[in-house]
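Student: Quick one: this structure, given as C-alpha cells, is what I'll be asking you about.
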Amino acid sequence: MNPKPPKAKTTSDTPTASFVVVANRLPVDRIENEDGSTDWRTSPGGLVTALEPVMRKNEGAWVGWHGAPDEVLQPFEDAGILLVPVPLSAEEVEEYYEGFSNATLWPLYHDVVAHPEFHREWWDAYVRVNQRFADQTAAVAEQGAVVWVQDYQLQLVPQMLRAQRPDLKIGFFLHIPFPPTELYQQLPWRNQILEGLLGADLVGFQLPGGAQNFVRLVRQRLHYQTHRDRINTPEGRTVLARAYPISIDSQGMADLATSPAIEARAAEIRRDLGDPKFVFLGVDRLDYTKGLPERVQAFGELVSDGSLDPEEAVFVQVATPSRERVDQYRILRDDIDRLVGRINGDIGRIGRPPITYLHSSYPKDEMAALYRAADVMVVTPLRDGMNLVAKEYVACRPNEDGALVLSEFAGAAKELRQAYLVNPYDIDGMKGRLLEAMNDSPRSKTRRMRILRRQVFDNDIDRWATLFLDDLASPTA
Ligand code: G6P
C-alpha cells in the first residue's frame, strides 16, 4: 500500500466526506518491521473483510485506529478511501481496547464463554476513547452526511455524535452477538450503553434474536415505548432495531478461487500434505470463542480410536494471531500448542503429523487455495456473530463439492441450513458429524453445496450494505 496525502474535498484544511464509516480499526494496520521501518498490512477479522468492498464502492471516509500506540498520523488516501487515523495511547490500548472491549464486552457478548472482567478504569477509558472517535467523526462528516458506526468497541459513539451533530444520519451495526438479556444485565454500565446505541437512527444486528434482546432491554431498563422493531425515545425520535446478516464479496472470492494460479497452489498444498484422501481445514482467529480445543480433540480421538486413518485424513488448522497481550488469549495459545503437540506426539509418524497447525496470518489468495484444497471445512465456534470463513469456503467451491461442518452457535447456521450442523460442546456428536461429512455420498454433498452456494451468492456483501443503507436513508422504513 502507498498512502498518499488526502485530497481535500472542501476549502478548509480538514477533508470531509458525505459517507463515513467509523470502526475501531482502519482497514490497514501500521506495523513496525524488524529493521525499524514501518509498513501497512490488512487488518485482521471479519469486520474489515466485510466492509472493505463496500467502502471501495462508496468512496467515503473511514475513521479508525491504525493499530499502533502513541502515534498521531494525519489523514491519508488509499484506493479512493480517505483514512482518518484516531490515536490511542499505550494506556488506552490497555484499558479501552484490551481491557473494556476485549476482556469485558467480548466475553460478555459471547455467552460468557470466558469470564468478563469489570473495572471502572477500563470503563472510563472506553468513554474517553469513544468521545475521541465521535469528535474526529464530527470533524470529517459533511453537513447531512451518512455515518455508519461499527461494532462493540464504539457503542457510545452514536449518542456522542448526535449530541454534536444532529444533522447526521447515524447507523450502527454490531458484528458480534447481542447477548441474552440475563447476561447483558451483569454489565455495571448497562444503561449507558443502551443509551449510547440509541443515538443512532438504525441499530443493526446479525440476527433477529439480537435485535429482540436489545428492544426488550430498552423497554425494561429505560422504560421507553417500543413497538416490534421500533423504539420511541423521550425526545421524540424513532430508532429502528433490525437484523442484517452480514456476508462476503462472494463473486470476488469465487473469481479468485477459480484462477489457474490458485488451482495450482491448491494442488501443491495437497501434495505437500502427502496427498491424503481427505483434507480437513479450520481457519480462525486464535480466539476462545472459536472452539479450537474441542475441534482438535474430536479429530484426535477419531484418529486414536481408529475411526480415521492418519494415512488417509489430515487436519490443517490455521490460527491467526489475535489480541496476544490479553490473558485469556495467552492461555488459549499455550493450551492449543500443548494439545496439538500431544496429539501429534501420540499418534503421528515421521513426516506425517495428523494435525498441521499454523499460527500465522495469510493473504487472501493463500486462503482461497486452502479452501480449494479442503474436502471438509470445520467451523465450530462456541459462539460467533456470523462467521465469514464458512461463507468464504462455500464461495470457493465452484465444482459444488466439499462439505461444511458448522456450529449451531454461529450466526451463519441460521442461513446455511444445508451445512452439517453440530453442537461443538458435544465431542461425540462432533466426531459423528465429521465422519458423516467425510463419508457422505458425492450426490448428497453436491445437493447440499448447491443450496449453500445459492444462499451465499444471493446474499452477498453488497446486498447487506444496500439493505442497511436503504433502511437508514428512508425515514419510514
Ligand atoms: C471481530 C470483531 C471486529 C475485530 C476483529 C479483529 O471480527 O467483530 O471488530 O476488528 O474481530 O479483532 P481485533 O481485536 O484484532 O480488531
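FYI, in the numbering used here the residues of the sequence shown are 584 to 1060. The beta-carbon is built from N, C-alpha and C at its ideal position, and this holds for glycine as well.
List in chain order: all unbroken alpha helix (DSSP H) runs of 4+ residues lying wholly within the region 611-697.
Tutor: 629-641, 689-692
Student: Just to confirm my understanding: we take H942, look at its own chain, exclude 5 residues before and 5 after, and list those with CB closer than 6 Å. What are they?
Tutor: A902
Student: Taking S626 as the reference, which of E635, P610, M638, N641 has the closest Cα?
Tutor: P610
Student: Look up N815 in the DSSP assignment and say whether it is helix, strand or coil.
Tutor: In the displayed model, N815 falls within a strand according to three-state DSSP.
Student: Taking the straight line between their C-alpha atoms, what separation do you get for Y1008 and L965?
Tutor: 7 Å
Student: Output needed for V862: all residues of its chain with C-beta closer than 7 Å, excluding positions within five of it in sequence on either side, in chain order.
Tutor: If we look at V862 and ignore the five residues flanking it on each side, its Cβ neighbours are R853, L856, V897, V899, A956, A957, D958.
Student: Within 6 Å: the Cβ of P627 and any heavy atom of ligand 1?
Tutor: yes
Student: Alpha carbon to alpha carbon, what distance is there between L885 and M638?
Tutor: 44 Å
Student: When you compare the region 725-733 with the region 751-766, are there three or more beta-carbon pairs, one atom per stretch, that lie closer than 8 Å?
Tutor: Pairwise C-beta distances place the region 725-733 in contact with the region 751-766, as three or more of them are shorter than 8 Å.
Student: Can you tell me whether DSSP reads V802 as helix, strand or coil?
Tutor: Sequence inspection shows Arg at residue 802; the Val mentioned does not correspond to that position. Looking at R802 - three-state DSSP - the assignment turns out to be helix.
Student: Does ligand 1 have even one heavy atom less than 6 Å from the beta-carbon of I759?
Tutor: yes
Student: Measure how close the beta-carbons of N1061 and D734 come, nearest whole angstrom, since I'm counting them as under 8 Å.
Tutor: Any answer about residue 1061 is impossible in this case: the structure gives the chain only from 584 up to 1060.
Student: Taking the CB atoms as reference points, tell me whether V798 and Y807 lie closer together than 7 Å.
Tutor: no
Student: Relative to ligand 1, is the shortest distance from any of its heavy atoms to the C-beta of D734 smaller than 6 Å?
Tutor: Under cutoff, so the answer is yes.
Student: Taking 6 Å as the line, does the beta carbon of L922 fall inside it for any heavy atom of ligand 1?
Tutor: no
Student: Does DSSP put N1042 in a helix, in a strand, or in coil?
Tutor: coil
Student: Within 7 Å of any Cβ in chain D, is that where the Cβ of Q1001 sits?
Tutor: In summary, chain D is missing from the structure at hand, where a single protein chain is found.
Student: Got a sec? Which residues, its chain only, sit under 7 Å from N970 by beta carbon, not counting five neighbours each side?
Tutor: V962, P964, A993, G994, A995
Student: Under the criterion of a Cβ to heavy atom distance below 6 Å, does R613 qualify as lining ligand 1?
Tutor: no
Student: Are at least three pairs of beta-carbons, each pair with one atom in the region 685-699 and one in the region 905-923, less than 8 Å apart?
Tutor: The region 685-699, when compared against the region 905-923, does touch it at the 8 Å Cβ threshold.
Student: Since E725 is in the beta strand (DSSP E), which residue starts that stretch and which ends it?
Tutor: 724-733
Student: By the DSSP assignment, the beta strand (DSSP E) with N607 in it spans what residues?
Tutor: Here the beta strand (DSSP E) through N607 covers 600-608.
Student: Does G994 come out as helix, strand or coil in the three-state DSSP assignment?
Tutor: helix
Student: For P937, count neighbouring C-beta atoms within 10 Å of its own C-beta (all shown protein chains included) and say buried if the count is 16 or more, exposed if not.
Tutor: buried
Student: Return the first residue and the last residue of the alpha helix (DSSP H) that T764 is part of.
Tutor: 764-767
Student: How would you label G787, buried or exposed, when you count the other beta carbons within 10 angstroms and need 16 or more for buried?
Tutor: buried
Student: Nearest CA to the CA of Q742: which residue from F716, E778, G865?
Tutor: E778
Student: Whole alpha helix (DSSP H) runs in the region 931-988 with 4 or more residues, listed along the chain?
Tutor: 947-956, 971-978
Student: Measure the alpha-carbon distance for G865 versus T821 and round it to whole angstroms.
Tutor: 43 Å
Student: Decide if the region 1010-1021 is in contact with the region 869-887; the criterion is three or more beta carbon pairs, one per stretch, under 8 Å apart.
Tutor: The region 1010-1021 makes contact with the region 869-887: 3 or more CB pairs, one atom from each, lie closer than 8 Å.
Student: Can you tell me the Cα-Cα spacing of E617 and S905, whole angstroms?
Tutor: 19 Å
Student: For K1028, count the other beta carbons within 10 Å of its own beta carbon; 16 or more makes it buried, fewer makes it exposed. Which is it?
Tutor: Note on K1028: 16 or more other CB atoms within 10 angstroms of its CB, so buried under the neighbour-count rule.
Student: In whole angstroms, give me the CA-to-CA distance for Y767 and H702.
Tutor: 16 Å
Student: For a test of your reading of the model: does the CB of R608 fall under 6 Å from any non-hydrogen atom of ligand 1? Yes or no.
Tutor: yes
Student: Do you know how far the Cα of A1048 is from the Cα of V631?
Tutor: 13 Å
Student: Cβ of R848 within 6 Å of any heavy atom in ligand 1?
Tutor: no
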